[in-house]
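Protein chains in written order, with my numbering: chain A, 9 to 494; chain B, 9 to 494.
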C-alpha cells in the first residue's frame with residue numbers, strides 16, 4: 009500500500025513534506041557572514057511525518073522539525089531534526105499516523121491512549137542550559153542544543169509544573185533571567201484554568217499562580233512587563249461540540265468579546281483584572297512594558313479570525329478582517345473603574361509574527377520587526393499556486409520616531425519570521441543583525457537572509473543557500489555561544 | 009568571504025550542490041513496493057563539497073555521496089552520506105577545497121601531500137561482508153553498509169593489494185563468489201602497468217597478475233568470462249604534458265587505435281593478447297562470456313570521445329560520434345593470427361551505462377538493460393538549461409530474440425542508471441524489478457522509479473518521492489538482506 013500525502017497545494021511546492029533529518033557542513037553562501045554572529049539560530053516548522061488521517065486537519069498539526077544554523081568564524085553549519093515527542097516516536101515506530109485531527113483526542117487511535125499528542129512544533133527557547141521545543145497544548149520537550157536529539161519528551165521542571173500545558177511563547181526577564189510562562193487549558197481540555205510560572209535562572213520553578221479566564225479561548229502568546237503579565241483571550245474558542253463531531257479544537261465565535269487580562273508577577277493571582285473589547289484576533293506580542301502605572305502591550309491585532317483553517321461559526325473567513333496591524337493596547341491600573349482596554353493602530357502595514365530586541369523584553373523599548381505583506385510589491389508568476397502566508401517584506405519599526413524601513417527580497421521570494429541578533433551583549437538597542445528564511449521560487453530552494461538590522465533597506469549582507477526547501481516555519485530563537493556554553 | 013559555487017548550469021537545477029547527509033524515515037511513495045524487495049539499493053553521485061579550485065575541473069571530480077535505499081516490508085528508508093575519503097576529511101576540516109583539478113596532483117595544495125586524492129565517487133560493491141566505495145584512481149574506501157560512515161579510507165585487502173589504484177567496476181563470479189578487479193596506472197601516474205586481482209568469497213586476495221598495456225589510457229570498465237578477463241584500452245589517454253600545464257588527467261587522442269586485451273583468469277598474465285581496432289570509446293560493459301573458444305563482450309561503444317569535458321587533441325567534440333550503441337565485441341582464441349577484434353552493433357538505441365542480471369556475470373546471458381536517449385520522445389520546456397545526460401528511457405534487451413522494450417517516464421523526467429533486482433535468488437533470468445533515479449522537472453525533486461523488469465513498458469509499479477533533488481549519479485549496486493546479514 010502506498011504512503012502518499014494529499015495531492016494539493018498544502019503538500020506541494022514549498023509545502024512539500026520535508027520529513028528529513030539533515031546534516032549540512034559549511035553551507036554555501038553569498039556575501040559575508042559577520043564574525044559577531046557566533047551562536048545557534050534555531051527555527052521550527054510543522055511537518056507531518058505521516059499523511060494526516062483526517063481531511064479537516066490543520067497545518068498547525070504537523071510534527072515539529074527543527075532547523076539549527078550554527079554560526080562561527082564567518083561560516084554556518086546546518087542541521088535539521090524532528091523533535092522526538094511521544095507522538096513522533098510512536099508514529100515513527102508504527103510507520104503511520106496514530107493521532108487524529110488537531111487537538112482532538114477523540115480522533116486518536118486507541119494505540120496512543122496515555123501518550124502526549126504534543127507536536128512541539130511552534131517555538132524553541134533556551135533557558136538555564138536547556139533547550140526546549142514547545143507547543144502550547146503540552147509540556148516542553150527537551151532536546152540537545154547541539155544534536156537536536158530528544159532528552160526529555162515531557163519536561164515538567166522536576167515535577168514542579170503540574171499544569172498539563174505550557175505556552176509556546178515563554179519570555180525571559182532580561183534583568184533577573186527568570187523565564188515566565190503561562191499554561192492555558194491547564195487542567196485539561198476546555199478548562200478555563202490558566203497557570204502562571206516563573207523559572208529562575210538556575211531552572212527551578214520559583215513562582216506559580218493560577219487564574220481563571222472568562223472562557224476557554226486560544227491564548228497563544230502573552231506579554232510580560234517589569235511588574236505584570238498581560239494576556240489576550242480571543243474568540244478562537246475551544247469548541248467541545250465540534251470536537252465531539254470529529255472537528256478540530258477551535259472555532260471562531262465572533263459573538264464573544266475579547267478580554268485583556270492583567271495580573272501581577274509574583275502575586276497570588278487575586279489581583280487579576282479583565283478589560284473587555286470587541287471581537288479581536290491577535291497572534292503575537294512584539295513587547296510589553298510599564299509606563300508609570302499603565303500597562304502597554306504591542307500586538308499584531310486584527311478585527312476577525314486570522315486562521316482560515318479554523319472554522320468560523322457565524323460568518324465566512326474575511327481576508328480584510330484577518331489582516332493584522334501592529335496595535336498598542338493600553339490599560340491604566342490607576343483607573344479602578346475601567347472595564348475596557350484601549351487600542352491604537354501604530355502602523356498601517358499588514359503583518360504577523362512581530363519580534364523585538366529581546367534584551368528589552370518587559371521593559372520600555374523602541375525597536376521592533378515584523379514580516380509584512382505589501383500588496384504594492386511585484387510578485388513573480390512562479391509563485392502561482394503557493395498557499396500559505398505570502399509575506400514579502402520585513403519591516404523595522406523605531407517607535408520613538410514612529411518610523412519604519414523595509415526589506416523587500418525580490419519578487420521571487422516569500423519571507424518567514426525574522427530574528428534579531430544583537431551585535432554584542434551591550435550593543436545599543438536594535439544594533440545587530442536580522443535574519444530569517446526566504447523561499448526562492450526561482451530555484452525552489454530555501455535561503456537564510458542576513459541583514460544589518462539598522463539598515464535593512466540596504467538588502468542582505470549574506471544569503472545562505474540551502475539545498476532543500478524548508479516549509480512554512482513558525483518561530484525562531486537565537487542563542488549566543490556564550491549562553492550555550494555557560 | 010563567501011562560499012559560492014560557480015553560477016552556471018553545472019551547479020544549478022538538478023546539478024545544484026547537494027552537500028548533505030540526510031536521514032529520511034519511511035519515504036513517501038505511490039503504488040506498491042513489492043515485499044520481495046528486501047535489501048539495500050546503493051547509488052552514488054559526485055558532489056563537490058567545496059567549489060572546485062580550477063575552472064577546467066570536470067564533474068567526475070566531485071566527492072562521493074552515497075544514497076542508500078533500505079527496502080523492507082514494502083517500505084523504504086533513505087539515507088545519504090558522503091564517503092569519508094582522506095580527501096573529504098581533509099577538505100571538511102579545512103572548510104575549503106585543497107585538491108586541484110581532475111587527477112592532477114600538481115594542482116593540489118601542499119597541505120595534502122601524501123593524502124589520497126581519491127573521491128570514491130563512482131560505484132559501490134558489497135563483497136565478503138564489506139561495502140566498498142570506489143574510484144578507479146585509488147584503492148577502495150570501506151564504509152559501513154548500514155550507516156555509510158567510513159571504516160577504512162584506504163583499503164588494501166590486508167596489504168595484499170600493492171597496486172595504487174583499483175577499478176570502480178569489480179565483477180563477482182556468480183559461481184565461486186570471487187571478486188575480480190583490475191588496477192590501471194597501477195604503479196602511478198601514466199604507468200602502463202595493470203594489476204589483476206581475484207579476492208575469494210572470504211575476502212582474501214587469491215590471485216594476482218601484472219600485465220602491461222600498449223599505452224596508458226582510461227580503462228574504466230572490463231569484462232570477465234568464465235575463463236578470461238577482457239579489457240578495452242581507449243584513446244582517452246593519460247596526458248602528462250597537459251597535466252604539467254595544469255590540465256586534467258586525460259585528453260582524447262584520436263590518432264591512437266583502441267586495443268582489446270584478453271588474458272586468462274588465474275594465469276600469470278603471459279598469455280595476454282591484444283587485438284587492435286580503430287578509434288573507439290566505450291564506457292561500460294553489459295556482460296562478457298565464453299562461446300566455445302570465443303570471448304564475447306557487450307559494451308556501449310561509440311566511434312569518438314564520449315566525454316565532452318575531457319579535451320580532444322585533434323578535433324571538436326562531436327555528439328554524433330559520441331553516441332554509444334550496444335556493441336558486441338568478439339575475438340576467437342583459436343585464431344592465432346588474429347590482430348583485430350570484431351564488432352557488431354546489436355541495437356540502434358543510443359545509450360550508456362548498460363547493466364545486466366548480475367547472477368549471469370561472466371556467463372552466457374540474454375537479458376540486459378540500458379538507459380537511452382530517444383530523440384523522438386517529447387521533452388518538457390521545464391528541462392531547458394539542463395546540462396548533463398538527458399537520458400529519457402530505460403530499455404530492456406532480450407538478446408535471444410534481439411528484441412527490446414522501453415520505459416518512458418514522461419516528458420518531464422530525466423533518468424539515471426537502472427538497477428536490476430531478481431525477484432528471488434533462483435528466479436529466471438531477468439525476472440524481478442528494475443529501479444533507478446528519475447529527476448522530475450515539474451516538481452524539481454527526485455524520485456526512485458520501480459518497474460516490473462519483465463514488463464517495463466507498462467510503467468512503474470511504485471514511485472518513491474524524495475524531498476530533495478539528487479545530482480547526476482554514476483552507478484548503483486543492490487545487496488539483498490540475505491547477503492547483507494550473511
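For every residue, glycine included, the Cβ atom is placed at its ideal position computed from N, Cα and C. Everything numeric in this text was worked out from a predicted model, so none of it was measured.
{"Check": "Any C-beta of chain B under 9 angstroms from that of residue 489 of chain A", "Outcome": "no"}
{"Check": "Near-chain A residues of the segment 24-44 of chain B (beta-carbon distance less than 7 angstroms), N- to C-terminal order", "Outcome": "24, 25, 26, 27, 28, 29, 30, 31, 32, 33, 34, 36, 37, 38, 39, 40"}
{"Check": "CA-to-CA distance, residue 47 of chain B to residue 496 of chain A, given in whole angstroms", "Outcome": "Nothing in the structure corresponds to residue 496 of chain A, since chain A is present only between 9 and 494."}
{"Check": "Coarse secondary structure for residue 114 of chain B, derived from DSSP in three states", "Outcome": "helix"}
{"Check": "CA nearest to the CA of residue 469 of chain A, picked from A:476, A:459, A:126, A:213", "Outcome": "A:459"}
{"Check": "Cα-Cα separation between residue 463 of chain A and residue 295 of chain A, rounded to whole angstroms", "Outcome": "21 angstroms"}
{"Check": "Proximal residues to residue 200 of chain B (C-beta, below 6 angstroms), its chain only, five neighbours per side dropped", "Outcome": "220, 221, 224"}
{"Check": "Residue from A:349, A:484, A:473, A:488 whose Cα sits closest to the Cα of residue 431 of chain A", "Outcome": "A:488"}
{"Check": "Neighbourhood of residue 35 of chain A by C-beta distance below 6 angstroms, restricted to the same chain and skipping five residues each side", "Outcome": "84, 86, 472"}
{"Check": "Endpoints, the beta strand (DSSP E) within which residue 204 of chain A is located", "Outcome": "201-207"}
{"Check": "Every unbroken beta strand (DSSP E) within the segment 247-276 of chain A, with a cutoff of 3 residues, ordered by chain", "Outcome": "258-260, 266-272"}
{"Check": "Under 7 angstroms from the C-beta of residue 13 of chain B: neighbouring residues of chain A", "Outcome": "36"}
{"Check": "Residue 11 of chain A Cβ short of 8 angstroms to the ligand ADP heavy atom set", "Outcome": "This structure simply doesn't include the ligand ADP, nor any ligand for that matter."}
{"Check": "Three-way DSSP call (helix, strand, coil) for residue 19 of chain A in this model", "Outcome": "helix"}
{"Check": "Within chain A, the residues that residue 97 of chain B reaches when beta carbons sit closer than 9 angstroms", "Outcome": "Within 9 angstroms Cβ-Cβ: nothing; residue 97 of chain B doesn't reach chain A, min ~11 angstroms."}
{"Check": "Contacting positions in the segment 460-489 of chain B - beta carbon closer than 7 angstroms to chain A", "Outcome": "475, 476"}
{"Check": "Three-state secondary structure (DSSP) of residue 97 of chain A", "Outcome": "helix"}
{"Check": "Cβ pair count under 8 angstroms reaching 3, the segment 121-128 of chain B against the segment 140-153 of chain B", "Outcome": "yes"}
{"Check": "Sequence-distant residues of its chain with Cβ nearer than 8 angstroms to residue 485 of chain A (five each side left out)", "Outcome": "49, 50, 51, 131, 132, 133, 134, 427"}
{"Check": "Residue from A:406, A:313, A:306, A:269 whose Cα sits closest to the Cα of residue 347 of chain A", "Outcome": "A:269"}
{"Check": "Beta-carbon proximity list for residue 203 of chain B, same chain, < 6 angstroms, skipping 5 on both sides", "Outcome": "171, 191, 194, 218"}
{"Check": "Any chain B beta carbon closer than 9 angstroms to residue 363 of chain A", "Outcome": "no"}
{"Check": "Touch test, the segment 319-326 of chain B against the segment 373-390 of chain B, Cβ-Cβ under 8 angstroms, three pairs minimum", "Outcome": "no"}
{"Check": "Straight-line Cα distance separating residue 58 of chain B from residue 179 of chain A", "Outcome": "40 angstroms"}
{"Check": "Touching by the beta-carbon criterion (3+ pairs, under 8 angstroms), the segment 274-282 of chain A and the segment 354-366 of chain A", "Outcome": "no"}
{"Check": "Inter-stretch contact at 8 angstroms, needing at least 3 Cβ pairs: the segment 158-174 of chain B / the segment 88-105 of chain B", "Outcome": "yes"}
{"Check": "Between the CA atoms of residue 483 of chain A and residue 71 of chain A - distance to the nearest angstrom", "Outcome": "14 angstroms"}
{"Check": "First through last residue of the beta strand (DSSP E) which encompasses residue 489 of chain A", "Outcome": "Run containing residue 489 of chain A: none in the beta strand (DSSP E); it sits in the alpha helix (DSSP H), 489-493."}
{"Check": "Under 7 angstroms from the C-beta of residue 51 of chain A: neighbouring residues of chain B", "Outcome": "Going along chain B, no residue has its Cβ under 7 angstroms from residue 51 of chain A, so there is no contact; the nearest lies around 17 angstroms."}
{"Check": "Touching by the beta-carbon criterion (3+ pairs, under 8 angstroms), the segment 328-344 of chain A and the segment 301-310 of chain A", "Outcome": "yes"}
{"Check": "Per-residue burial, residue 308 of chain A [other beta carbons within 10 Å of its own, 16 or more giving buried]", "Outcome": "buried"}
{"Check": "Distance, residue 64 of chain A Cα to residue 389 of chain A Cα", "Outcome": "29 angstroms"}
{"Check": "Cutoff 6 angstroms; reference residue 109 of chain B; Cβ partners in own chain excluding five residues on either side", "Outcome": "62, 64, 65, 115, 256"}
{"Check": "Assumed close pair residue 297 of chain A, residue 67 of chain A - CB separation to whole angstroms, cut-off 8 angstroms", "Outcome": "Not really, about 33 angstroms apart at Cβ, beyond 8 angstroms."}
{"Check": "Closest by C-alpha distance to residue 216 of chain A, when choosing among A:209, A:210, A:205", "Outcome": "A:205"}
{"Check": "CB contact check: residue 72 of chain A to chain B, cutoff 9 angstroms", "Outcome": "no"}
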